[in-house]
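Have a look at the structure below before the remarks.
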Amino acid sequence: MKKLIHGFLLDERPAAPHPAAAAYSDLALELSARPQPGIVAHRDVVWGDEPWQRFDVFAPAQSKGSLPVLIFIHGGGWMSGYKEWTGFMAPGVIASGAILVATTYRLAPAHRLPTIIDDCIEAVAAVRARVAEFGGDASRFYLSGHSAGGHLAMMVALRNDLWKGRLGSELRGILPISGILDLHHDDPQPGSLEELAYLKVLQHPQDDVSSSPVSFAALSEMPIVLGWGSADTERVLRSNELMAWLLEKASAPFEVFRFEGADHFQTHLALADPDHPWYAALARMLGK
Numbered sequence: 013m014k015k016l017i018h019g020f021l022l023d024e025r026p027a028a029p030h031p032a033a034a035a036y037s038d039l040a041l042e043l044s045a046r047p048q049p050g051i052v053a054h055r056d057v058v059w060g061d062e063p064w065q066r067f068d069v070f071a072p073a074q075s076k077g078s079l080p081v082l083i084f085i086h087g088g089g090w091m092s093g094y095k096e097w098t099g100f101m102a103p104g105v106i107a108s109g110a111i112l113v114a115t116t117y118r119l120a121p122a123h124r125l126p127t128i129i130d131d132c133i134e135a136v137a138a139v140r141a142r143v144a145e146f147g148g149d150a151s152r153f154y155l156s157g158h159s160a161g162g163h164l165a166m167m168v169a170l171r172n173d174l175w176k177g178r179l180g181s182e183l184r185g186i187l188p189i190s191g192i193l194d195l196h197h198d199d200p201q202p203g204s205l206e207e208l209a210y211l212k213v214l215q216h217p218q219d220d221v222s223s224s225p226v227s228f229a230a231l232s233e234m235p236i237v238l239g240w241g242s243a244d245t246e247r248v249l250r251s252n253e254l255m256a257w258l259l260e261k262a263s264a265p266f267e268v269f270r271f272e273g274a275d276h277f278q279t280h281l282a283l284a285d286p287d288h289p290w291y292a293a294l295a296r297m298l299g300k
């Protein structure tokens, strides 16, 4: 069943786990529905038969040649979410020198990790096949995402053993925002989000390590900007600090971007401001 929310006709999703998540969803959609002068939005570009095989492209109205592409993967705890949460980033991304693509994937619990990771690889490959139509450079891709989407962006980039010829040297950098980078927990508490990952997101409990970006930090070669809020959730803080330590130990190229004073949802919503300093970090990466 579909529902009209802020002008978007969207499939109904499970209720948000707490009021802050519901408020984030509503505001992200409201911000993304606002007019964006000078930007053309190509909605629901079809690349397959399944409803989730769609992506949105945001490009400058006036051609600026072939631009690098920032692909953003939405969050929602792997069980909810919309690509339509992403559109408000378009002015900042385009001002940084790229076009923005928002993609989606099948959701848990019907589809679980690692299937969801493979869906995202397929989506990125589909963007590569089509993005030149919208002014994008299919040889220069950067991956980002918020929360569960940050996790998925990292897994797509770091698990090159899963690419199987679908992706390659076009991936140039990763910018996860409030990513959940470690799914392993020795003793998840009943009713916690950690337990929920074992019950409804992972195909098998033993997939927690192989589905965690921290397990592949030593393999990282492309630049990474790890972003999280100073008031983020404990699991985001813990897993990003661990990832930063592992990347430093491996001498991998990375930098840390802290959203000062921001909680888990404010880290993404802050990017409605096209002058937010995170976009300067994006522009530096695009220039490499």
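Under the working numbering, the first residue of the sequence shown is numbered 13, with each subsequent residue one higher. The beta-carbon is built from N, C-alpha and C at its ideal position, and this holds for glycine as well.
DSSP, reduced to helix, strand and coil, places residue 63 outside both helices and strands of the structure shown, so it counts as coil. Per DSSP, residue 193 is not a residue of any beta strand (DSSP E), being assigned neither H nor E. Going by beta carbons, residue 22 and residue 117 fall outside the 9 Å limit. Residues of the same chain with a CB within less than 8 Å of the CB of residue 182, apart from the 5 flanking positions on each side, are 140, 150, 151, 152 and 153 in chain order. In the three-state DSSP reduction, residue 267 falls in the strand class (E or B). Annotation for residue 243: 273, 274 and 275 place their beta carbon closer than 7 Å to its own, counting only its chain and skipping 5 residues before and after. Excluding the 5 residues flanking it on each side, residue 195 has same chain C-beta neighbours closer than 6 Å at 209, 220, 223 and 224, in chain order.
The beta carbon of residue 17 sits closer than 6 Å to those of 41, all from its chain and outside the five residues before and after it, given in chain order.
A straight line joining the alpha-carbon of residue 53 with that of residue 288 spans about 22 Å. Three or more beta-carbon pairs drawn from the stretch 250-266 and the stretch 190-207 are found closer than 8 Å, and the two stretches are therefore classed as touching. Its chain contains 93, 158, 159, 160 and 161 as the residues whose beta carbon lies nearer than 6 Å to that of residue 87, once the 5 sequence neighbours on both sides are disregarded; these appear in chain order. Only residues of its own chain outside the window of five on either side were considered, and among them 213, 214 and 215 have a CB closer than 7 Å to the CB of residue 124, listed in chain order. Residue 184 is not a Cβ neighbour of residue 133, given a cutoff of 9 Å.
As DSSP reads the structure, residue 156 sits in a beta bridge with 84 and 187. Comparing alpha carbon positions, the residue from 284, 34 and 226 closest to residue 102 is 284.
Beta-bridge partners assigned by DSSP to residue 15: 22.
Excluding five sequence positions before and after residue 25, the CB atoms of its chain that fall closer than 6 Å to its own CB belong to 92, given in chain order. By the criterion of at least three beta-carbon pairs nearer than 8 Å, the stretch 227-244 is not in contact with the stretch 201-208.
Going by beta carbons, residue 135 and residue 70 fall outside the 9 Å limit. In this structure, the beta-carbon distance from residue 99 to residue 138 does not fall below 9 Å.
Residue 258: not part of any beta strand (DSSP E); member of the alpha helix (DSSP H) spanning 246-261, first to last residue.
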